[in-house]
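Below you'll find the structure, written out as structure tokens, and then a few comments.
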Amino acid sequence: MQKFHRGRRLRRSPGIRDLIRETGIQASALVQPYFVLESPDENTLRPIASMPGQSQLGLARLLEVVAGDIDLGLKNLILFGIPAHKDSRASAAYAENGIIQQAVQRIKKRFPELVVITDVCLCEYMDHGHCGIIRDSEVKNDPSLELLARTALSHALSGADIVAPSDMMDGRVLAVREALDANGHRELPVMSYAVKYASAYYGPFRDAAQSAPAFGDRKTYQMDPANAREAMRESRADVQEGADILMVKPALPYLDIIRALRGSFDLPLAAYQVSGEYSQIKAAAGQGWLEEKGAVLESVTAIKRAGADIILTYFTRDILKWIAGKK
Ligand code: PBG
Ligand code: ZN
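Under our numbering, the first residue of the sequence shown carries the number 7, and numbering increases by one thereafter.
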């Protein structure tokens, strides 16, 4: 005479709830972003006001912070550079002794097992803050490809484990893949920011990386948040061009896109919980309006549940502490 579903049977104890839990968060799937500052004082640590808990780090300080995070269980990181000099050709992006190139060399030398991913873009290195070359007040696609490919190759030469083009120029994955292949890096994976929306949630990052566009916006190259089918076209193109991992960015406002890609492609799928997603939780928690740990774990669990294999998040360090049962 069972007339209704008794869902509470499987929620009766922590043990049963653990037993039937469908989604978990593992250290191996988390990627912590770092901002590396080119500075004469390699011990610099400059807190980023709009991202409480994150800082711009000089080279020596970066190594120290990474060492501490490895003690917490860190497995993967992604690097963003803040160069001392910006120009109209982003020369610091592919300089042999650029800040990212140095950071990768030093990190890989000291922590060879760590998976080091580099963000490949030009905006942090351009005096105008756009992700490509500007001519006639326009971001030019094809001339930008060559610089992006050079940047990726220079990261590879420095010892990066994965390169991640985030610029949203058309044909960038192919350009990067060809440059890597032609120079002996056939085995180096490309993680493509395949589906990157023109999002208001990047606001704090542009502060952090000093990469806000000096004029206009990124809507001629990043995607319109209203479009889902277009995400399929972008992904298909990147797969054809040779991407090894696809990424959706931002994460939480685009769970439908993550789920759709999961169903349509068999590549590993990453999602980037971006700066604004981070800072909105931080801000609310700072006011006592949200319980931080609960909100963070719920958000990353949702991103995984939607279908992401890999999550890039500024909360990685906190989650590692919680996984280890600290705090
Ligand atoms: C650079 C880049 C951006 C982010 C990652 N790579 C900024 C942008 O496109 O403006 C955003 C990351 C974040 O908000 O956390 N192309
Ligand atoms: Zn960019």
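Cβ atoms here follow ideal geometry from the backbone N, Cα and C, with glycine treated the same way. Just so it is clear, the structure is predicted and the values come from calculations on it, not from any experiment.
To which residues of the same chain is residue i closer than 8 Å at the C-beta, ignoring the five residues directly before and after it?
i, result
"Gly269", "Gly313"
"Ser205", "Gln228, Pro231, Lys255, Pro256, Pro259, Val280, Gly282"
"Ser56", "Gly209, Pro210, Asp213, Ala214, Ser281, Ser285"
Got a sec: does the ligand PBG put a non-hydrogen atom nearer than 7 Å to the Cβ of residue i?
i, result
"Ser305", "no"
"Ser217", "yes"
"Val254", "no"
"Arg224", "yes"
"Phe211", "yes"
"Tyr207", "yes"
"Ser56", "no"
"Ser281", "yes"
"Asp244", "no"
"Asp142", "no"
Could you give the residue range of the beta strand (DSSP E) that holds residue i?
i, result
"Gly87", "82 to 88"
"Met253", "251 to 255"
"Pro259", "Pro259 -> no beta strand (DSSP E), and no H or E assigned at all."
"Ser198", "197 to 202"
Could you spell out the range, first to last residue, of the alpha helix (DSSP H) harbouring residue i?
i, result
"Tyr320", "Where Tyr320 is concerned, there is no enclosing alpha helix (DSSP H), given that its DSSP letter is neither H nor E."
"Thr344", "Outside the modelled stretch of the chain, which goes from 7 to 333, sits residue 344, for which no answer is possible."
"Gln108", "105 to 116"
"Glu70", "65 to 78"
"Ser150", "147 to 164"
Look up residue i in the DSSP assignment and say whether it is helix, strand or coil.
i, result
"Thr226", "coil"
"Ile123", "strand"
"Phe41", "strand"
"Met132", "strand"
"Met238", "helix"
"Ile264", "helix"
"Ser56", "coil"
"Glu184", "helix"
"Ala232", "coil"
"Leu16", "helix"
Less than 7 Å separating the Cβ of residue i from some heavy atom of the ligand ZN?
i, result
"Asp173", "yes"
"Leu151", "no"
"Leu85", "no"
"Leu128", "yes"
Please report the Cβ distance between residue i and residue j, rounded to the nearest whole angstrom; I am assuming they are in contact, meaning their Cβ atoms lie under 8 Å.
i, j, result
"Tyr208", "Thr157", "In fact, because the Cβ distance is near 20 Å, the residues do not count as touching under 8 Å."
"Asp47", "Ser94", "Asp47 to Ser94, Cβ: 28 Å. No contact."
Tell me which residues share the same chain as residue i and place their Cβ nearer than 6 Å to its Cβ, disregarding the 5 neighbours each side in the sequence.
i, result
"Glu89", "Position check: residue 89 holds Pro in this sequence, whereas Glu was assumed. For Pro89, where only same-chain residues beyond five positions count, the Cβ hits under 6 Å are Glu44, Ala98, Ile105, Tyr131."
"Phe211", "Ser281"
CB-CB under 7 Å to residue i, same chain, minus the five flanking residues each way: which ones, in chain order?
i, result
"Arg23", "Arg17"
"Glu236", "Met229"
Any beta-carbon of chain D closer than 8 Å to the one on residue i?
i, result
"Leu16", "Checking the listed chains, one finds no chain D in this structure; it contains a single protein chain."
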